[in-house]
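In my numbering, the protein residues as written are -4 to 543.
Using N, Cα and C, we set each Cβ at its ideal position, and we do this for glycine too.
Here's the structure we're looking at; comments come further down.
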Amino acid sequence: MSNKLSPLETIKTGSDGLRGTIKESLKDNFTGNVRPDDEGLVKFHGMYVQDDRDRRVERAAKKLDKLYSFMIRLRIPGGAIDSKKWLAIHEISEQYGTGVLKITTRQTLQLHGVLKNQLQPTLQAFNLAKLDSIAACGDVNRNVMVSAHPKVSPLHQEIYEYGNKISTLLLPKTQSYYEVWIDDEKVYERSKEADPLYEDRYLPRKFKIAIAIPPSNDVDVFSNDLGLIAHIEDNELKGFNVAVGGGLSATFGNPNTYSRLGTVLGFLDSEEKILKATYEVLTIQRDFGNRSDRKQARLKYTIDKMGVENFKKELEKRIGFEFLPAKEYKFTERSDLYGWQQNHEGKWFYTLFVENGGVKSYQKEFLHQVAQLDISNFIFTCNQNLILGEISEANKSKVENLIEKFAIEKQDSVLRKNSMACVALPTCPLALAEAQRYLPKLVSKIEPLLEKYGLQEEEVSIRMTGCPNGCGRSYVSELGFIGTAPEQYNFMLGGDRYGERLNQLYKEKLSESEILTEIDSLFSQYVNERKPNENFGDFSYRKFFSAN
Ligand code: SRM
Ligand code: SF4
């Protein structure tokens, strides 16, 4: 294997704390893009250069440059913000973005279509609202996910705080975000930015952390580089099981790439130990991760190369204590708790279904009016939905009135409410096929098949991505679709319902009619051959992939 560093490695180390020439790029009026090296650096500041792929042909015919704009992703550990922040996001999206709010699969929000000359005002407006996009993308720790619904446990708040603490602990030390986007002319002192964690090379690749509170695995904890599973006994948080090496993406035609679920290393019983271990997992990845081949650079490959036991030994050496044996855990839920729920303190929570995270205009107006009342907080879920939370008994009817006014409650099927798709076209440069624009239509065609077999109440999970990167976590679903080319998908089967078993390739490169024929036949086999209480994922695993 070549030891030559990948080009981005040189860009990172030479970037002067992620500054590069971004300021110069912003002043260049000849293109809507930034300079090529800066394209890699702006990711660390939470944004991606994109162009509208629906308009590429038309613009090329007119010999016009691509219509560049930027996607900005916010850093919101645990996904919770207050009404004031929601109002700010609403205003900013109207003023600078396309107006569309997109809730992501990692519990945060993206704005698309921000033009280069609007980046600074947009980030300044976010900053005024105490929101930022630092490290939302790039080769650093990303948005930390925490089980979204406070109903899951009376200890939700305590566990949620871990998300905040970990996010802060792992932030890059460079102040370049403020220098480039916020304060503009102010120059920060580089000598005060020494970064013992990331040094000047950062990580070899993106890094993801999630915290699950059993019985819910809404965060898909095993899909993360580092997963923490809360262990509660006698209503007290006793610590966390620690899982490492999860990651979903694979690349077509590259057999050295694969999806992997995290491996549980053991249990840690104090906050100090958890924070230390988290930090040192990153330092191991920093020191041992592959910096030549970005396709081999995620922690999952580092661990498989080292071997799990060697990785654990190295980690124990760095943290100075040993893992305790893993505690038992059981996941029995992954979906969001739609509609009204009350927590142990009597506060009300309303979960709004936001299909594939794209907030529709009537939903946006509804949320705006709720935020104006300032009687709730807003929590993004890891399933791309939104919870209006912490509502007092006295204020509940105010939200109910708005729910009625905007006709928020729709008769969506169970399947639709368990569906998830990544962005894909038109903004994602890597998309091979549609996802969020197409899955709703496919679901409408699958619904009659469910009814045909009396399966409409089954909580089957269905997920689609426009390419094998797996942003909609299609590899951990019961019906998984991965785009291979326009209007063509690999059909994945055999995943379990709660994110503990990967699905596998069932049929390659199917058209819509082929997908529907397959599903018809699969549902028929399921109703005729299932064992008592066997759900669809377990049935299809047993039928097609297990030796039994
Ligand atoms: Fe992702 C790249 C969107 C969650 C694996 N992802 C992208 C980019 C930025 C395309 C690009 O590199 O230019 C997509 C931008 C599309 C757009 O127009 O907005 C993109 N990913 C998303 C989001 C918005 C999907 C969504 O519909 O919600 C999710 C944002 C999460 C967030 O808030 O941080 C998103 N991406 C994921 C997940 C799911 C997760 O983390 O739980 C995965 C699979 C898990 C994993 O990391 O293994 C995921 N995205 C990738 C990969 C493959 C990484 C790899 O290991 O090879 C890429 C490509 C890359 O990094 O080179 C990618
Ligand atoms: Fe884009 Fe592929 Fe991620 Fe979908 S899975 S958003 S198509 S990179």
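Residue i CB to nearest heavy atom of ligand 1 below 7 Å
i	result
Ser218	yes
Gly465	yes
Asp288	no
Gln45	yes
Lys203	yes
Arg537	no
Asp215	yes
Gly352	yes
Gly284	no
Ser244	yes
Gln119	no
Any non-hydrogen atom of ligand 2 closer than 7 Å to residue i Cβ
i	result
Leu425	yes
Ala419	yes
Ile377	It should be noted that the sequence gives Cys, not Ile, for residue 377. No.
Gly158	no
Thr460	yes
Ala207	no
Ala143	no
Ala430	yes
Beta carbon of residue i nearer than 8 Å to that of residue j
i	j	result
Gly467	Ala428	no
Gly257	Gly222	yes
Ala207	Ile227	no
Val455	Leu410	yes
Gln102	Phe476	no
Gly461	Gly489	no
Ala205	Val259	no
Leu198	Ala131	no
Gly242	Arg293	yes
Asn136	Phe202	yes
Ser254	Leu497	yes
Lys412	Ser506	no
Arg492	Glu513	no
Gly41	Val139	no
Lys58	Leu332	no
7 Å CB neighbourhood of residue i in its chain, flanking five on each side removed
i	result
Gln170	Tyr183, Glu188
Val109	Ser64, Phe65, Ile67, Tyr91, Gly92, Thr117
Phe316	Lys268
Asn18	In the sequence as presented, Asn is not what sits at residue 18; that position holds Lys. The answer, listed in chain order, is Val175.
Leu500	Asn485, Met487
Host alpha helix (DSSP H) of residue i (start-end)
i	result
Trp343	Unbroken run through Trp343 is the beta strand (DSSP E), 343 to 347; no alpha helix (DSSP H).
Ala55	51 to 56
Gln364	356 to 368
Thr479	Looking at the DSSP string, Thr479 is not in any alpha helix (DSSP H); the run it does join, the beta strand (DSSP E), is 474 to 480.
His226	Where His226 is concerned, there is no enclosing alpha helix (DSSP H), although the beta strand (DSSP E) it sits in stretches over 221 to 228.
Lys400	388 to 400
Gln431	Where Gln431 is concerned, there is no enclosing alpha helix (DSSP H), given that its DSSP letter is neither H nor E.
Asn159	151 to 164
Beta-carbon contacts of residue i that lie in its chain and below 8 Å, excluding the five residues immediately before and after
i	result
Thr100	Gly352, Cys377, Asn378, Gln379, Met415, Cys417, Cys466, Gly467, Arg468
Ile386	Lys342, Trp343, Phe344, Tyr345, Ile370, Ser371, Val394
Ser78	Val365, Ala366, Gln367, Leu368, Asp369, Ile370, Ser371, Asn372, Phe373
Glu442	Ser408, Leu410, Arg411, Gln451
Residues sharing a beta bridge with residue i, DSSP
i	result
Asn136	Phe202
Met301	Note: Met301 sits in no beta bridge, so no partner.
Ile98	Leu104
Leu488	Leu474, Gln499
Thr246	Asn249
Bounding residues of the beta strand (DSSP E) (the contiguous stretch that carries residue i)
i	result
Gln45	42 to 46
Thr258	258 to 263
Ala75	75 to 77
Ser64	63 to 68
Ser142	That residue, Ser142, is in no beta strand (DSSP E); it is neither H nor E in DSSP.
Ser414	414 to 416
Gln280	Element bounds for Gln280: not the beta strand (DSSP E) but the alpha helix (DSSP H), 266 to 283.
Residues of its chain near residue i, where Cβ-Cβ distance is below 6 Å and the 5 sequence neighbours each way are ignored
i	result
Tyr536	Gly489
Glu34	Val44
Lys61	Asp46
Leu295	Rather than Leu, the amino acid found at residue 295 in this sequence is Lys. Contacts found: Gly240, Gly242, Arg255.
Phe577	The question about residue 577 has no answer here: the residues shown for the chain are numbered -4 through 543.
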